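Working notes, structure below.
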Amino acid sequence: MSPAWERFLDEFFRRPGERPDLRVLDALDPYEREHAIDLLIEAATRGDAGAIDGLAQLRAERAIGPLQSLMRGRDAALRVSAAAALWWLFQDPDALATLSHELSTRPLLRSAPHRVHAAAVLSRIDNDTARRALARAIHDAEYQVRYHAYEGLAGVIGRTRENWNYVNKPEIHHHVRARIDAKLRRAGLA
Numbered sequence: 011m012s013p014a015w016e017r018f019l020d021e022f023f024r025r026p027g028e029r030p031d032l033r034v035l036d037a038l039d040p041y042e043r044e045h046a047i048d049l050l051i052e053a054a055t056r057g058d059a060g061a062i063d064g065l066a067q068l069r070a071e072r073a074i075g076p077l078q079s080l081m082r083g084r085d086a087a088l089r090v091s092a093a094a095a096l097w098w099l100f101q102d103p104d105a106l107a108t109l110s111h112e113l114s115t116r117p118l119l120r121s122a123p124h125r126v127h128a129a130a131v132l133s134r135i136d137n138d139t140a141r142r143a144l145a146r147a148i149h150d151a152e153y154q155v156r157y158h159a160y161e162g163l164a165g166v167i168g169r170t171r172e173n174w175n176y177v178n179k180p181e182i183h184h185h186v187r188a189r190i191d192a193k194l195r196r197a198g199l200a
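Mapped onto the numbering used here, the consecutive letters of the sequence shown carry residue numbers 11 to 200.
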């Protein structure tokens, strides 16, 4: 195989625990891409989030079925990764619904990094359903969720110093909440 194939193997299979550099996929020839898709589908079904990202990068339509299964699975982080991949592959409305649901669902006893990931993905989607989910998350207790909601809603609520201060310290700048909510209502998002 080519040096590009070796870089692909290094990034996705020989460095466990690290997020792969998706740019290595661009250097694969058509035969290698097909073989890479097979390996990535197998790795994704075993719970490898980097493989899911690789399938989205390759725009692998063959991966839609396995990704839909993962999106309905038990692992919240994999549900979010699979839903993000399905959204970027073909704007699957179920994927958008899954991302919105995961953003709004908080586990009681532990942190939920999958919620931050869902907020980050939703903040890049130009869709009212995504903006509605972010509008509910702008007042979230977790800073990173609020930050991504702010980024996704900046076109609606504005990038003012007042809004930024609220995102950083809502308990201190609580008086801004009503103004943000009013802007969201005027936009039909609250």
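In this text, a Cβ means the ideal position worked out from N, Cα and C, and glycines have one as well. Owing to the predicted nature of the structure, the values given are computational and were not obtained by experimental measurement.
Asked, Found
"Which listed residue (A61, R56, W174) has its alpha carbon closest to that of L19", "A61"
"Range covered by the alpha helix (DSSP H) that runs through T108", "103–114"
"Beta carbon of R116 nearer than 8 Å to that of A122", "yes"
"Integer-rounded CB distance, given that R141 should sit under 8 Å from G162", "7 Å"
"Nearest neighbour of Q101, chosen from H158, A147, R69 [CA to CA]", "R69"
"Cβ-Cβ distance between I51 and P76 below 8 Å", "yes"
"Pair within 8 Å by beta-carbon distance, W15 and E44", "no"
"Reduced DSSP category for G27 - H, G, I as helix; E, B as strand; rest coil", "coil"
"Close Cβ partners of A37 (< 6 Å) along its chain, the five nearest in sequence each way excluded", "A14"
"Residue nearest to V155 in terms of C-alpha spacing, selected from L132, G165, N137, V166", "L132"
"Rounded distance between the beta-carbons of L96 and I74, thought under 8 Å", "7 Å"
"Nearest neighbour of A54, chosen from R72, S110, A147 [CA to CA]", "R72"
"Simplified DSSP assignment, three categories, for M81", "helix"
"Endpoints, the alpha helix (DSSP H) within which I51 is located", "40–55"
"Rounded straight-line distance, which links the Cα of P180 to that of E109", "The question names Glu, but residue 109 is Leu in the sequence shown. Looking at the two C-alpha atoms, the distance is approximately 24 Å."
"Cutoff 8 Å: R84 Cβ touching any chain C Cβ", "Structure shown: chain C not included; a single protein chain is present."
"Chain-order list of residues whose beta-carbon lies under 7 Å from that of R146 (same chain, five-residue window excluded)", "S114"
"Own chain residues within Cβ distance below 8 Å of G198, not counting five before or after", "D138"
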